[in-house]
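Since the structure comes first, as structure tokens, the remarks are kept for the end.
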Amino acid sequence: MQIKNQQDFWSGVLYILIGLGFSAGALNYSFGSSARPGPAYFPFGLGLLLAVIGGITLVASLVSGRKGDGQIGGIAWRPLTIIVGSVALFGFTLPWLGMAIALPLLVLTSALAGDEFHFAEALFNAAILTVGSWAVFIYGLNLVIPVWPTFIG
239 MQIKNQQDFW SGVLYILIGL GFSAGALNYS FGSSARPGPA YFPFGLGLLL
289 AVIGGITLVA SLVSGRKGDG QIGGIAWRPL TIIVGSVALF GFTLPWLGMA
339 IALPLLVLTS ALAGDEFHFA EALFNAAILT VGSWAVFIYG LNLVIPVWPT
389 FIG
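If you count by the numbering used here, then the sequence shown holds residues 239 to 391, one letter each, in order.
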């Protein structure tokens, strides 16, 4: 069988590998029950769902090609480095700067990876994501995540 779209084919392969990897990693934890799910419940299901989506994408790449040649281009190193660096920066700064500063810092530095950076739009997105993250993780789920920097108290 011939691959008609390289991009979709390799995207499907990566989705399958990552999905199965997460599902396999979840097997080390307790599943719990539907009424009281354990730590493996969500990652296992999400991993399987990702693998299924990857399988659909992979089959579609073999059956029909979409517009364009679907060839894989070079790796965009600058955006990749900026995004990975932003996530690492967030992980490093969260315990000391808290969510109120670390999350907007993540959004603003990640926005630099795009070709059309607008500071006002990035700041607006940072504000919305910070408030939403606070509402979901701290208020809704009662997770212990520092909101404010340690030097504020």
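By construction, the Cβ of each residue, glycine as well, lies at the ideal position given by its N, Cα and C atoms. Given the structure is predicted, the values throughout are model-derived calculations rather than measurements.
Pair within 8 angstroms by beta-carbon distance, glycine 250 and leucine 286: Glycine 250 is not a Cβ neighbour of leucine 286, given a cutoff of 8 angstroms.
Residue span of the alpha helix (DSSP H) that contains glutamine 240, given as start and end: In the DSSP annotation of this structure, glutamine 240 is not part of any alpha helix (DSSP H), being labelled neither H nor E.
Terminal residues of the alpha helix (DSSP H) in which arginine 274 lies: Going by DSSP, arginine 274 is part of no alpha helix (DSSP H) at all; its letter is neither H nor E.
Within 8 angstroms, strictly: CB atoms of glycine 312 and tyrosine 253: The answer is no: Cβ separation not under 8 angstroms.
For phenylalanine 328 and proline 384, the rounded distance between their alpha carbons: When rounded, the distance between both Cα atoms is 13 angstroms.
Cβ pair isoleucine 202, serine 324 closer than 8 angstroms: With the chain running from 239 to 391 in the structure shown, residue 202 is simply not present.
Per-residue DSSP class, three states only, for valine 382: Correct three-state label for valine 382: coil.
Continuous alpha helix (DSSP H) stretch holding serine 268: start and end: Looking at the DSSP string, serine 268 is not in any alpha helix (DSSP H), and its letter there is neither H nor E.
Contact under 8 angstroms by Cβ, leucine 296 with phenylalanine 260: No, they are not a contact pair.
Classification of leucine 341 by the beta-carbon crowding that lies within 10 angstroms, buried from 16 upward: With 16 or more Cβ atoms within 10 Å of its Cβ, leucine 341 is classed as buried.
Glycine 311 (DSSP reduced to helix, strand or coil): For glycine 311, the three-state secondary structure derived from DSSP is coil.
Whole-Å CB distance - alanine 358 paired with leucine 346, under 8 angstroms assumed: Between the beta-carbon of alanine 358 and that of leucine 346 there is about 11 angstroms, and that puts the pair past the 8 angstroms contact cut.
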